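Peer 1:
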Amino acid sequence: MADQLVCKWLDFTATYNNVSKQLERDLMSRHNLALKEFYVLMYLDCAEDNQLPLKELQNKVGLSQSAMSRLATRMESKDCGVIRRQGYGDDKRGVYAKMTDKGHSFYDEVKVTFEETLRSTFQ
0 MADQLVCKWL
10 DFTATYNNVS
20 KQLERDLMSR
30 HNLALKEFYV
40 LMYLDCAEDN
50 QLPLKELQNK
60 VGLSQSAMSR
70 LATRMESKDC
80 GVIRRQGYGD
90 DKRGVYAKMT
100 DKGHSFYDEV
110 KVTFEETLRS
120 TFQ
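Numbering-wise (numbering that gives the first Met the number 0), the sequence shown opens with residue 0 and increments by one.
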């Protein structure tokens with residue numbers, strides 16, 4: 000029984016890794032977007048007011064604080080501009096990431112590629 004469970008786990012992780020690699024290739028080649036960057040857009044699209052605390056986003060995407068900061072800087076840059084960072088209002092300790100209008104348009108475009116890759120993989 001335990002061996003079957005371990006084998007199922009190994010099959011699952013192999014499938015996950017293969018699908019993730021294909022998603023990364025397709026998103027990068029068609030949109031110059033990394034999979035983790037897509038996840039940021041996806042989580043922001045699903046969030047209330049399209050914004051999340053950067054710390055929460057970091058945990059959802061699975062990045063360290065410094066890696067999340069670098070990723071947010073790239074996504075916020077003038078070349079990309081799909082998110083913007085803003086403070087919590089009076090609380091200067093925390094920062095929110097918010098999807099911009101440009102981010103909404105870009106996400107709608109990129110989501111098509113993401114879904115096409117998933118469909119071709121699982122059908």
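Each residue gets a CB set at the ideal place from its N, CA and C atoms; glycine is no exception. Everything numeric in this text was worked out from a predicted model, so none of it was measured.
Can you name the start and end residues of the beta strand (DSSP E) that A96 belongs to?
Peer 2: Position 97 of the sequence shown, counted from the first residue, corresponds to residue 96. Start and end: V94 to M98.
Peer 1: Taking C-beta to C-beta, are V60 and K101 nearer than 7 Å?
Peer 2: Position 61 of the sequence shown, counting from 1, holds the residue named residue 60. Position 102 of the sequence shown, counting from 1, holds the residue named residue 101. Going by C-beta atoms, V60 is not nearer than 7 Å to K101.
Peer 1: Alpha carbon to alpha carbon, how far is A13 from Q3? Give it in angstroms, no decimals.
Peer 2: Residue 3 sits at position 4 when you count from the first residue of the sequence shown. Residue 13 sits at position 14 when you count from the first residue of the sequence shown. If you take the alpha carbons of Q3 and A13, they lie about 15 Å apart.
Peer 1: Taking the alpha-carbon of M27 as reference, which of S119, Q122, F113 and T120 has the nearest alpha-carbon?
Peer 2: Taking the sequence shown and counting its residues from 1, one reaches residue 27 at position 28. When each option's Cα is compared against that of M27, the closest is F113.
Peer 1: Can you list, in chain order, the stretches of the alpha helix (DSSP H) that have 4 or more residues and sit fully within the region 19 to 62?
Peer 2: Those alpha helix (DSSP H) runs which fall completely within the region 19 to 62 and span 4+ residues are 34 to 45 and 53 to 60.
Peer 1: Looking at the strands, I want to know which residues DSSP matches up with G102.
Peer 2: Position 103 of the sequence shown, counted from the first residue, corresponds to residue 102. None; G102 has no bridge partner.
Peer 1: Would you mind reading off the limits of the alpha helix (DSSP H) that contains Q64?
Peer 2: Stepping through the sequence shown from its first residue, residue 64 is reached at position 65. Segment Q64 to E75, the alpha helix (DSSP H) holding Q64.
Peer 1: Near D48, which residues of its chain fall below 6 Å by C-beta distance, leaving aside the five closest residues on each side in sequence?
Peer 2: Locating residue 48 in the sequence shown gives position 49, where the first residue counts as 1. Counting only Cβ-Cβ distances below 6 Å, and skipping sequence neighbours, we find nothing.
Peer 1: Helix, strand or coil for Q3? Go by DSSP, reduced to three states.
Peer 2: Your numbering for residue 3 matches position 4 in the sequence shown. Note: Q3 maps to helix in three-state DSSP.
Peer 1: Among E108, L70, Y38 and E55, which residue has its Cα nearest to the Cα of E23?
Peer 2: Reading the sequence shown from its first residue, position 24 is the one you call residue 23. E23 has its Cα closest to that of Y38, out of E108, L70, Y38 and E55.
Peer 1: Give me the Cβ distance between V25 and T120, rounded to the nearest whole Å; I'm assuming they're in contact under 8 Å.
Peer 2: By one-based count along the sequence shown, residue 25 stands at place 26. By one-based count along the sequence shown, residue 120 stands at place 121. Rather than Val, the amino acid found at residue 25 in this sequence is Asp. That pair is no contact at about 10 Å.
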